[in-house]
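Trainee:
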Amino acid sequence: QQQVKQSPQSLIVQKGGISIINCAYENTAFDYFPWYQQFPGKGPALLIAIRPDVSEKKEGRFTISFNKSAKQFSLHIMDSQPGDSATYFCAADTGTYKYIFGTGTRLKVLA
Amino acid sequence: DTEVTQTPKHLVMGMTNKKSLKCEQHMGHRAMYWYKQKAKKPPELMFVYSYEKLSINESVPSRFSPECPNSSLLNLHLHALQPEDSALYLCASSRPLEGEQFFGPGTRLTVL
């Protein structure tokens, strides 16, 4: 019940395309779902986050879609750019200081 | 200031050395975290301090010793490490039990 399953493991998208990364969780007690972007050798940077009472949140080219009944959430990157090439982690907050991280998605955007 | 800083950026140490990693934040956050991250893996939680008290120790070996001298600083003391401890060590901070964790750039540790 403490797992967050993330897919795909890797993703290649053409410049200008839409990148979609999916995550699924089991524990309905999770109450906060952030997405982090991490470049090689750097720390994860908070990209966008959502709480279960909202079905969608958009910030610039980044959108989280949240399906509470299916216990799934996804990150959409519109108009993907080569500079978006990074590893993306979804996470779920257990409410006890602990995040459960997904396994990560390595995104490569081709110029 | 919305930044978590970590020093040093890189550290190479032998198995008999003693060294320390440092982390600092000035966002007024009262929860601070140490994570370990191996290549191509998500961060793994090691320790959590809340209001300068150790709240969580994820069964980390005693060769890692955390310290929180005040609400802005977090240290990780290292002693007698093993080569498998080589990793990126990340510090993070947040308001206690309020979701958003902000990560520092990490310290790349190599144990010879």
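Here the protein sequences line up with chains A and B, keeping their order.
Under this note's numbering, read the first sequence as residues 1 to 111, first letter to last.
Under this note's numbering, read the second sequence as residues 112 to 223, first letter to last.
Where is the CB? At the ideal position from N, CA and C, for every residue including glycine.
Computed from a predicted structure; not experimentally measured.
Checking 8 Å against the spacing of the C-beta atoms, do A:Ser74 and A:Lys108 come in under that value?
Mentor: It is not a contact, given that the beta carbons lie outside the stated cut-off.
Trainee: I believe A:Ala49 touches A:Tyr32 by the beta-carbon criterion, under 8 Å. Please report the beta-carbon distance rounded to the nearest angstrom.
Mentor: Right, their Cβ atoms sit about 6 Å apart.
Trainee: Kindly identify the DSSP beta-bridge partner or partners of B:Tyr200.
Mentor: Beta-bridge pairing links B:Tyr200 to B:Lys147 and B:Thr218.
Trainee: Whose C-beta lies closer than 6 Å to the C-beta of A:Glu59 among residues of the same chain, with five residues either side of it excluded?
Mentor: Result list for A:Glu59: Ile48, in chain order.
Trainee: Determine the contact status of B:Tyr146 and B:Pro154, defining contact as a CB-CB distance below 8 Å.
Mentor: In contact: B:Tyr146 and B:Pro154 (Cβ atoms closer than 8 Å).
Trainee: Can you check whether the C-beta of A:Pro34 is within less than 8 Å of a C-beta belonging to chain B?
Mentor: Chain B, which has a Cβ nearer than 8 Å to the Cβ of A:Pro34, makes this yes.
Trainee: I want to verify the contact list: residues of chain B whose CB lies under 9 Å from the CB of A:Ala49, in sequence order.
Mentor: Per Cβ cutoff of 9 Å: Gly210 and Glu211.
Trainee: Please classify A:Ala91 as buried or exposed, where buried requires at least 16 neighbouring CB atoms within 10 angstroms.
Mentor: When all chains shown are included, A:Ala91 counts as buried.
Trainee: Pull up the DSSP beta-bridge partners for A:Phe89, would you.
Mentor: Beta-bridge pairing links A:Phe89 to A:Tyr36.
Trainee: Nearest-angstrom Cα distance between B:Tyr200 and B:Leu189?
Mentor: Approximately 12 Å, taken between the alpha carbons.
Trainee: Determine the chain B residues that contact A:Lys98 at a beta-carbon separation under 9 Å, and present them in chain order.
Mentor: Near A:Lys98 (Cβ distances below 9 Å), the residues of chain B are Leu156, Val159, Ile167 and Glu169.
Trainee: Evaluate contact between the stretch 26 to 40 of chain A and the stretch 118 to 133 of chain B, counting only Cβ atoms and requiring at least three cross-stretch pairs below 8 Å.
Mentor: In short, these stretches do not touch, since the Cβ pair count stays below three.
Trainee: Got a sec? Which residues, its chain only, sit under 7 Å from A:Phe101 by beta carbon, not counting five neighbours each side?
Mentor: Within the same chain, A:Phe101 has close Cβ partners Val4, Phe89 and Ala91.
Trainee: Give me the subset of the stretch 2 to 15 of chain A whose CB atoms are less than 7 Å from a CB atom of chain B, sorted by chain position.
Mentor: The residues in question: there are none.
Trainee: How would you label B:Tyr144, buried or exposed, when you count the other beta carbons within 10 angstroms and need 16 or more for buried?
Mentor: When all chains shown are included, B:Tyr144 counts as buried.
Trainee: Return helix, strand or coil for B:Pro177, following the three-state DSSP convention.
Mentor: Strand at B:Pro177.
Trainee: Taking the continuous beta strand (DSSP E) assigned at A:Ile64, which residues delimit it?
Mentor: Note, A:Ile64: beta strand (DSSP E), Phe62 to Asn67.
Trainee: Just verifying my parser: in three-state terms, what is the DSSP assignment at B:Glu195?
Mentor: Looking at B:Glu195 - three-state DSSP - the assignment turns out to be helix.
Trainee: Determine the closest residue to B:Lys152 out of B:Glu135, B:Ala198 and B:Gln117, with distance taken between C-alpha atoms.
Mentor: B:Lys152 has its Cα closest to that of B:Ala198, out of B:Glu135, B:Ala198 and B:Gln117.
Trainee: Would you mind reading off the limits of the beta strand (DSSP E) that contains A:Val4?
Mentor: Val4 to Ser7 is the extent of the beta strand (DSSP E) around A:Val4.
Trainee: Where do the N-terminal and C-terminal ends of the beta strand (DSSP E) with B:Lys130 fall, by residue?
Mentor: Lys129 to Gln136 is the span of the beta strand (DSSP E), which, as asked, contains B:Lys130.
Trainee: Could you check if A:Ala29 belongs to the surroundings of the ligand PLP, using beta carbon to heavy atom distance under 7 Å?
Mentor: Although the ligand PLP was asked about, the structure shown includes no ligands whatsoever.
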